[in-house]
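Here my numbering is used: the first residue of the sequence shown is 488, the next is one more, and so on. Written out below as structure tokens is the structure these notes cover.
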Amino acid sequence: MSIIGGMTTTAPEGLLAAQDATTYAEWFACLAEPTRVRLLHAVAIAGRAVTVGELTEQLGVSQSTCSHHLRKLADTGFVRLRKEGTATLVTVNPACCTGLPHAADAVMGVLAPRPGQPAEARTDVAIRALDPGDWAAVRRIYAEGIATGDATFETDVPTKSTLDAKWLPDHRWVAEVDGRVAGWAAATLISPRACYAGVAETSLYVGDGWRGRGIGKTLIHHQVSAADASGLWTLQTGIFPENRASLALHHDAGFRTLGVRDRIGHHHGRWRDVIFLERRRPDNPPIR
């Protein structure tokens with residue numbers, strides 16, 4: 488059995504599927520032993536292949552104990568073992584770096600439909616490019632997001648000129664319902680370097696009074712479709728763990744959890760964690 492990525496399959500009623508539950512239980516059972524947790528941690532932070540002898544010395548356990556637990560980790564897929572002469576080299580399986588957070592999200596219900604969450608994107612929402620006349624509504628909705636305390640590290644709404652300068656011109660969208668702007672989405676390149684030309688950080692906000700009504704679902708699906716069509720190959724975003732609605736929305740749109748950035752920023756007098764998510768274009772565009 489191995490660590491795998493991808494989305495979880497769920498039972499028709501929204502519960503975790505039995506097959507997935509069995510898989511995750513095997514993963515967690517493997518880690519229900521402190522020595523294995525310490526071994527996996529030591530291998531993960533090494534950043535290179537390490538020998539069994541090195542791990543034995545680091546953890547202060549016998550070689551037979553170390554080898555036994557490494558074999559269990561390897562059988563489950565957390566680490567990879569290879570022989571090089573008389574030494575056994577141990578490396579972490581990169582897939583577990585996404586598989587484990589994904590499993591935790593699935594078990595804790597982050598990926599499950601929320602009560603009252605629309606099953607499909609709304610058809611009565613018009614998604615269009617942001618017009619100059621929309622800035623007041625966009626900034627108002629931004630302020631409403633800041634007011635929740637769980638949408639952003641920002642404490643003040645950025646100016647129009649700041650947002651206009653950083654947002655990609657072809658990736659600014661507003662959701663309009665009955666002639667009113669109910670939400671917006673935008674993307675910003677993460678770097679001016681050519682190698683990252685297709686990698687953008689995304690933002691999405693839904694106005695107070697419009698949340699939980701399918702606006703966000705409609706916006707994000709338009710956002711990722713436009714990104715795919717334009718050649719952006721990776722979308723990334725950071726979300727507070729407390730913002731479960733946004734986490735579920737992004738997972739539904741094909742984002743996957745890469746990990747948790749522990750105590751990454753200071754916000755209103757306390758350190759906050761951020762869950763880092765990424766969506767890769769299904770078929771990366773050819774290099775020209």
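From the three backbone atoms N, C-alpha and C, an ideal C-beta is built for every residue, glycine too.
Using CA atoms only, rank isn't needed, just tell me which of the options is closest to residue i.
| i | options | result |
| --- | --- | --- |
| residue 710 | 525, 595, 630 and 659 | 659 |
| residue 483 | 661, 730 and 509 | This structure leaves residue 483 out entirely; the chain is present only between 488 and 775. |
| residue 613 | 516, 712, 664 and 685 | 664 |
| residue 705 | 765, 611 and 593 | 611 |
| residue 592 | 712, 769, 505 and 747 | 747 |
| residue 715 | 668, 770 and 675 | 770 |
| residue 550 | 506, 526, 588 and 532 | 526 |
| residue 563 | 509, 616, 552 and 621 | 509 |
| residue 618 | 582, 588 and 661 | 661 |
| residue 505 | 569, 627, 717 and 594 | 594 |
| residue 717 | 698, 573 and 768 | 768 |
| residue 502 | 681, 588, 596 and 678 | 596 |
| residue 532 | 512, 581 and 548 | 581 |
| residue 648 | 679, 666, 622 and 627 | 622 |
| residue 745 | 520, 573, 572 and 588 | 588 |
| residue 652 | 629, 507, 676 and 637 | 676 |
| residue 521 | 678, 758 and 548 | 548 |
Given a cut-off of 9 Å, decide if residue j and residue i are closer than it, judged by their beta-carbon atoms.
| i | j | result |
| --- | --- | --- |
| residue 703 | residue 756 | no |
| residue 760 | residue 728 | yes |
| residue 719 | residue 673 | no |
| residue 743 | residue 766 | yes |
| residue 514 | residue 590 | yes |
| residue 535 | residue 556 | no |
| residue 650 | residue 668 | no |
| residue 565 | residue 583 | yes |
| residue 546 | residue 558 | no |
I'd like to confirm something about residue i: is its beta-carbon nearer than 8 Å to some heavy atom of the ligand NAD, or not?
| i | result |
| --- | --- |
| residue 717 | Only the bare structure without any ligand can be found here, which leaves the ligand NAD out of the picture. |
Run through DSSP, which three-state label would residue i get?
| i | result |
| --- | --- |
| residue 758 | strand |
| residue 586 | helix |
| residue 514 | helix |
| residue 638 | coil |
| residue 540 | helix |
| residue 499 | Legend: pLDDT at residue 499 = 47, less than 50; position of this residue unreliable, value from coordinates given subsequently. Looking at residue 499 - three-state DSSP - the assignment turns out to be coil, as it is neither helix nor strand. |
| residue 658 | coil |
| residue 719 | coil |
| residue 697 | coil |
| residue 579 | strand |
| residue 725 | strand |
| residue 472 | With the chain running from 488 to 775 in the structure shown, residue 472 is simply not present. |
| residue 612 | coil |
| residue 711 | helix |
| residue 549 | coil |
| residue 520 | coil |
| residue 670 | strand |
| residue 591 | helix |
| residue 530 | helix |
| residue 573 | coil |
| residue 731 | helix |
Which term fits residue i, buried or exposed, when burial requires 16 or more other beta carbons within 10 angstroms of its beta carbon?
| i | result |
| --- | --- |
| residue 733 | buried |
| residue 762 | buried |
| residue 735 | buried |
| residue 517 | buried |
| residue 586 | buried |
| residue 639 | buried |
| residue 752 | exposed |
| residue 530 | buried |
| residue 491 | Note that residue 491 scores 39 on pLDDT, short of 50, meaning its location in the model is unreliable and no value can be drawn from it. |
| residue 654 | buried |
| residue 701 | buried |
| residue 493 | Residue placement at residue 493 is poorly supported in this model, since its pLDDT is 41, which falls under 50; the coordinates still yield a value, given next. That one is exposed. |
Any beta-carbon of chain C closer than 9 Å to the one on residue i?
| i | result |
| --- | --- |
| residue 694 | Absent from the structure is chain C; it holds one protein chain and no more. |
Check: For the 8 Å Cβ check, are there 3 or more pairs between the stretch 686-697 and the stretch 713-724?
Finding: yes
Margin query: Could you check whether the stretch 564-581 touches the stretch 529-545, counting it as contact only if at least three pairs of C-beta atoms, one from each stretch, sit closer than 8 Å?
Written below: yes
Item checked: the stretch 733-745 contacting the stretch 642-657, beta-carbon criterion three pairs below 8 Å -> no
Notebook entry, point to check: How do the stretch 621-637 and the stretch 675-687 stand: do at least 3 beta-carbon pairs fall below 8 Å, yes or no?
Noted result: no
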